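Student: For reference, the structure I am asking about is given below.
Protein chains: 2
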Amino acid sequence: MTEFLFKDAFSTTGPEPAAPFTGLPRYNFVFGHNDPAEIPVEELARSAEKVIRENGPALAMYHLGHGPQGYKPLREFVARKLVETRAISCNADDVVLTSGSLQAMDLVNSTFLEPGDTVIVEEFTYGGAVGKLQRLGANIVAAPLDGDGIRMDALETILADLRGRGVRPKFLYTIPTVQNPTGSIMPMERRQQLLSLSERYDLPIFEDECYTDIAWQSESPPALYGLAPSRVVHIGSFSKSLAPALRVGYIVASWDVLSRVLGRKTDAGSPAIEQMVIADYFGAQFDKHLAALKPALRRKLDVMIDALDREFGTSAELFVPKGGIFLWLKLPHHVDVRSFAQSALDQGVAFNPGPEWACDPDSARSYMRLCFALPDEDTIREGVAELARICFEHTGVPERRANVVQRS
Amino acid sequence: MTEFLFKDAFSTTGPEPAAPFTGLPRYNFVFGHNDPAEIPVEELARSAEKVIRENGPALAMYHLGHGPQGYKPLREFVARKLVETRAISCNADDVVLTSGSLQAMDLVNSTFLEPGDTVIVEEFTYGGAVGKLQRLGANIVAAPLDGDGIRMDALETILADLRGRGVRPKFLYTIPTVQNPTGSIMPMERRQQLLSLSERYDLPIFEDECYTDIAWQSESPPALYGLAPSRVVHIGSFSKSLAPALRVGYIVASWDVLSRVLGRKTDAGSPAIEQMVIADYFGAQFDKHLAALKPALRRKLDVMIDALDREFGTSAELFVPKGGIFLWLKLPHHVDVRSFAQSALDQGVAFNPGPEWACDPDSARSYMRLCFALPDEDTIREGVAELARICFEHTGVPERRANVVQRS
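Chains as they are written, first to last, in numbering that gives the first Met the number 0: chain Z, 0 to 407; chain A, 0 to 407.
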């Protein structure tokens, strides 16, 4: 292997070098993978063939000739979906298609933030979001959660305290509908309280709805953007509703925001075939697809809950999610999941330690996030049993598994 | 249209807001569009159908389960192509697939640069590259060009001068093979001189080969990376050899570099269907595709040269490119192309003003870049005639068109 001679030329800031990829763990409860059995293989194959036959020559043009906001039929589909399912009033001009919702997040962050700015995020939230904010030099303030999302009394205290210190937070980043990692859905009344705080404290809201399409209930309360479009930036994704390897997400906001986002989108466009395929397939079969996907995910969640009940018993407190692909759980307070995460990975069991999904890592030492979408049902059962075995070896918890007292 | 209420929360640094997209110009001589007639529509449609049928369930996994470096069969194809055509010794482990070569550029820049760092670039170069370097706060030093690329005597003077001032340039960014915008190919002897300077002055080289696959001649001199892999980072793209709307490019470098690049690639993967389609189609038909594409582009170049000869006569000095999709030309020194660029655009004629493709904008005031790949032959002829008419109206040049003296 060739060595690079000028290592002293590397930037000394920025993230750590990555480790080489060594394959997927046998029991893979991490990342936002989806259910392979629910990928509509035949339909996507036929869609891809059809859209390339119809629009192939346009691939010679950046953005398929549709401009930097992206492929217009997909923007039209996004707008229609948001009108019908999220009480959002918008059209294709209000949508920018992105390379996944991670790029959407980068673009929105960059539109607002300079180093030293303050942002408020949920105390437990998507680890990637915290990492991105930290790399931008933001001061992160944690808003406490309960089973209905952000606690508004606590948020008001934070906002009043910041105002008292002359600090204007640039935005609140929130996942109100199927929160990551807790799986909660913020009720309507609390959404209205949040928007009232936004008004009283001049607080822009950055709403991430990447899991909304796979909420178990058929109707969630309206999106925050639907309730107050002049105070909210809304992002979403097709990673969870269709497939994460397709890198397409979207931003919906007023032109004041989108024009700044587009000034920062210097990638010459997001993937064209994937935009066309999603527009064609979801344009015809969005409802049908979700009607199959949601119960399939729900079944896997039930399998995981059963397995956790059997293997961990009362040692694990489960936060049963209202949708999505992951389960957040808490072990007894003296357990620090970091003490066995690497050992578990070495033995083929991958989970997200709570501290990686928290503003204050130590506050989530006893928590973990388990994604249930990828493994099949038997693998979920075996993996949870392995997890319990490894956890017991390192922490003495769970004391009982399947009603049998463990002895170390 | 909803207005965003918190405009005072926007970052005050960063690029200007974008203007709304108003459609494509009638005579479109800008961007790196390709030839719509040369998109292999049937083949891509069949490839897409096939790869989705074969690998569809893997779309449920980030990176199709192949890890952050990207879809392995495409990395294998890239390595094979580089071994066979660029004298590069590498394999799939040496390749990171990216979302176009623009993301590759962002990742490499970020791996090396901190604000205030110095980089050397060709005096005329890709405008997007200069913009990216400026946004990162780099000091840009221009290396003079002649018909064979960077002048080595001038580069040595620059390096000696920087060393004398205690400045270590982080890298030289170069497009040695079908240079953008001049269309030159650096001869072998000069490549060796460049690598000798790299050795003597500890100069890392950032080699951009996005146009190499469409050089007219069948064999270009070896890639710089092929000659000195421990001192070069190599990037390339499928935008020019296949289609720019497919967002797939690549970085080839030692693991020291790639591990840092991957630490910065926080997008959860580049587009999966596009990676699979390119691997399948180019894996079987790369040579055949280029054997059709190159003469088609060459014919359009000839049409453009004929039209420029007819419309501009001796007023335009043409730098006939050795490949690629654009032509660089110079009008008489007193003509500043910026004086009529907007008026031309308003009349449906879009070109790249030289100043946007230069480190020192004023040094390229009389230059322009014309892309010939997108318009059909009649549109090229009409557009060049329109360009000459508009140019004459604003500058009195060309005095003669089609051997007829112009009167204003």
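We put the beta carbon where it would ideally sit given N, CA and C, even for glycine. No experiment lies behind these values; they were computed from the predicted model shown.
#1: Taking just the CA atoms, how far does D305 (chain Z) sit from F285 (chain Z)?
#2: Taking all protein chains shown into account, decide if N412 (chain A) is buried (16 or more other Cβ within 10 angstroms of its Cβ) or exposed.
#3: Is it the case that the Cβ atoms of V251 (chain Z) and F237 (chain Z) are separated by a distance below 8 Å?
#4: Start and end of the alpha helix (DSSP H) containing F20 (chain Z)?
#5: Where A153 (chain A) and K49 (chain A) are concerned, what is the direct C-alpha to C-alpha distance, given to the nearest angstrom?
#6: Do you know whose CA, among A:A343, A:V336, A:L373, A:R364, lies nearest G323 (chain A)'s CA?
#7: Please give me, in chain order, every unbroken run of the beta strand (DSSP E) with length at least 3 that falls completely inside the stretch 141–176 of chain A.
#8: Give me the Cβ distance between D147 (chain Z) and P186 (chain Z), rounded to the nearest whole Å; I'm assuming they're in contact under 8 Å.
#9: Output yes if chain Z places a C-beta closer than 8 Å to the C-beta of N33 (chain A); else output no.
#10: What residues in the stretch 259–281 of chain Z bring their beta carbon closer than 7 Å to a beta carbon of chain A?
#11: Output yes or no for whether 8 Å exceeds the beta carbon distance between R412 (chain A) and P331 (chain Z).
#12: State the start and end residues of the unbroken alpha helix (DSSP H) segment that holds C390 (chain A).
#13: Should I38 (chain Z) be flagged as near chain A, meaning a C-beta pair shorter than 8 Å?
#14: Under 8 Å between the Cβ atoms of R263 (chain A) and P221 (chain Z)?
#15: Could you tell me which uninterrupted alpha helix (DSSP H) segments, each at least 4 residues in length, are contained entirely in the stretch 64–103 of chain A, listed from first to last along the chain?
#16: Within the chosen definition, does the stretch 194–209 of chain Z reach the stretch 165–175 of chain Z through at least 3 CB pairs nearer than 8 Å?
#17: With distances taken Cα to Cα, identify the nearest neighbour of D359 (chain Z) among Z:R45, Z:K71, Z:E122.
#18: Could you tell me which chain A residues have their CB closer than 9 Å to the CB of T378 (chain Z), listed as they occur along the chain?
#19: Contact between the stretch 268–276 of chain Z and the stretch 107–116 of chain Z: three or more CB pairs below 8 Å?
#20: Verify the CB distance criterion: does A252 (chain Z) have a CB-CB separation below 8 Å to chain A?
#21: Look at R368 (chain A) and P354 (chain A) and say whether their C-beta atoms are less than 8 Å apart.
#22: Taking L326 (chain Z) as the reference, give the member of Z:G31, Z:A44, Z:A128, Z:S253 with the closest Cα.
#23: What's the call for V276 (chain Z), buried or exposed, on a 16-neighbour Cβ count within 10 Å?
#24: Ends of the alpha helix (DSSP H) at D345 (chain Z)?
#25: Please say whether A242 (chain A) and L58 (chain Z) have beta carbons closer to each other than 8 Å?
#26: Flag T394 (chain A) as yes if its beta-carbon sits less than 8 Å from any beta-carbon of chain Z, otherwise no.
#27: Assign P19 (chain A) to buried or exposed, taking buried as 16 or more other Cβ atoms, counted over all protein chains shown, within 10 Å of its Cβ.
#28: So with CB distances below 9 Å, who are the chain Z contacts of A291 (chain A)?
#29: Curious, which full-length alpha helix (DSSP H) runs of at least 4 residues does the stretch 259–308 of chain Z contain?
#30: Which chain Z residues are close to T12 (chain A), counting only those with a beta carbon under 7 Å from its beta carbon?
#31: Looking at the secondary structure, which residues open and close the beta strand (DSSP E) in which V120 (chain Z) lies?
#32: Okay, do the stretch 213–232 of chain A and the stretch 184–199 of chain A touch, 3+ Cβ pairs below 8 Å being the bar?
#33: What did DSSP end up calling R400 (chain A) once you bin it into helix, strand or coil?
#34: Would you mind stating whether R297 (chain A) and W356 (chain A) have Cβ atoms separated by less than 8 Å?
#35: Buried or exposed for G115 (chain A), going by 16 or more other Cβ atoms inside 10 Å?
Tutor: Let's see:
#1: Counting from one through the first sequence, the residue named residue 285 (chain Z) turns up at place 286. Counting from one through the first sequence, the residue named residue 305 (chain Z) turns up at place 306. Approximately 30 Å between the Cα atoms of the pair.
#2: Missing from the structure shown is residue 412 (chain A); chain A here goes from 0 to 407 and no further.
#3: Against the first sequence, residue 251 (chain Z) aligns to sequence position 252. Against the first sequence, residue 237 (chain Z) aligns to sequence position 238. Taking 8 Å as the Cβ cut-off, V251 (chain Z) and F237 (chain Z) do not qualify as a contacting pair.
#4: For the purposes of this step, residue 20 (chain Z) is taken as the residue at position 21 of the first sequence. Premise fails: F20 (chain Z) is in no alpha helix (DSSP H) and is neither H nor E.
#5: Within the second sequence, the letter at position 154 stands for residue 153 (chain A). Within the second sequence, the letter at position 50 stands for residue 49 (chain A). Those two C-alpha atoms are separated by around 52 Å.
#6: Here residue 323 (chain A) corresponds to residue number 324 of the second sequence, with the count starting at 1. When each option's Cα is compared against that of G323 (chain A), the closest is A:L373.
#7: 170–173
#8: Position 148 of the first sequence, counted from the first residue, corresponds to residue 147 (chain Z). Position 187 of the first sequence, counted from the first residue, corresponds to residue 186 (chain Z). D147 (chain Z) to P186 (chain Z), Cβ: 5 Å. Contact.
#9: Here the question's residue 33 (chain A) lines up with position 34 in the second sequence. With 8 Å as the cut-off, N33 (chain A) counts as an interface residue toward chain Z.
#10: R259, L261, G262, R263, T265, D266, A267, G268, S269, P270, A271, I272, E273, V276
#11: The displayed coordinates of chain A run from 0 to 407. Any statement about residue 412 (chain A) would go beyond what the structure contains.
#12: Translated into positions along the second sequence, residue 390 (chain A) becomes position 391. From DSSP, the alpha helix (DSSP H) with C390 (chain A) extends over 376–394.
#13: One-based indexing of the first sequence puts residue 38 (chain Z) at position 39. Interface residue, yes.
#14: Taking the first residue of the second sequence as 1, we reach residue 263 (chain A) at position 264. Taking the first residue of the first sequence as 1, we reach residue 221 (chain Z) at position 222. Going by C-beta atoms, R263 (chain A) is not nearer than 8 Å to P221 (chain Z).
#15: 71–85
#16: yes
#17: For the purposes of this step, residue 359 (chain Z) is taken as residue 360 along the first sequence, with counting starting at 1. When only C-alpha atoms are compared, the closest one is Z:E122.
#18: As a first step, residue 378 (chain Z) is located in the first sequence; it is residue number 379 there, counting from the start. The contacting residues do not exist; T378 (chain Z) stays about 14 Å from chain A at best.
#19: no
#20: On the first sequence, residue 252 (chain Z) is found 253 positions in, with the first residue counted as 1. Closer than 8 Å to some Cβ of chain A, the Cβ of A252 (chain Z) qualifies, so yes.
#21: Locating residue 368 (chain A) in the second sequence gives position 369, where the first residue counts as 1. Locating residue 354 (chain A) in the second sequence gives position 355, where the first residue counts as 1. Taking 8 Å as the Cβ cut-off, R368 (chain A) and P354 (chain A) do not qualify as a contacting pair.
#22: In the first sequence, counting from the first residue as 1, residue 326 (chain Z) sits at position 327. Ranking the options by Cα distance to L326 (chain Z), first place goes to Z:G31.
#23: Here residue 276 (chain Z) is taken as the residue at index 277 of the first sequence, counted from 1. Buried, by the Cβ-count rule.
#24: Against the first sequence, residue 345 (chain Z) aligns to sequence position 346. Residues 340–345.
#25: By one-based count along the first sequence, residue 58 (chain Z) stands at place 59. By one-based count along the second sequence, residue 242 (chain A) stands at place 243. For L58 (chain Z) and A242 (chain A), yes; Cβs fall inside 8 Å.
#26: Here residue 394 (chain A) refers to the residue found at position 395 when the second sequence is read from its first residue. It does not: the Cβ of T394 (chain A) has no partner Cβ on chain Z nearer than 8 Å.
#27: Position 20 of the second sequence holds residue 19 (chain A). Exposed, since its Cβ has fewer than 16 Cβ neighbours within 10 Å.
#28: What you label residue 291 (chain A) is simply residue 292 of the second sequence in a count that begins at 1. Going along chain Z, no residue has its Cβ under 9 Å from A291 (chain A), so there is no contact; the nearest lies around 14 Å.
#29: none
#30: In the second sequence, counting from the first residue as 1, residue 12 (chain A) sits at position 13. What T12 (chain A) touches in chain Z: E113.
#31: In the first sequence, counting from the first residue as 1, residue 120 (chain Z) sits at position 121. Where V120 (chain Z) is concerned, the enclosing beta strand (DSSP E) stretches over 117–121.
#32: yes
#33: As a first step, residue 400 (chain A) must be located in the second sequence, where it is residue number 401. DSSP places R400 (chain A) in strand when its eight states are reduced to three.
#34: For this step, residue 297 (chain A) is matched to residue 298 along the second sequence. For this step, residue 356 (chain A) is matched to residue 357 along the second sequence. Result no, Cβ atoms of R297 (chain A) and W356 (chain A) do not sit closer than 8 Å.
#35: Residue mapping note: residue 115 (chain A) aligns to position 116 of the second sequence, counting from 1. Burial call: exposed.
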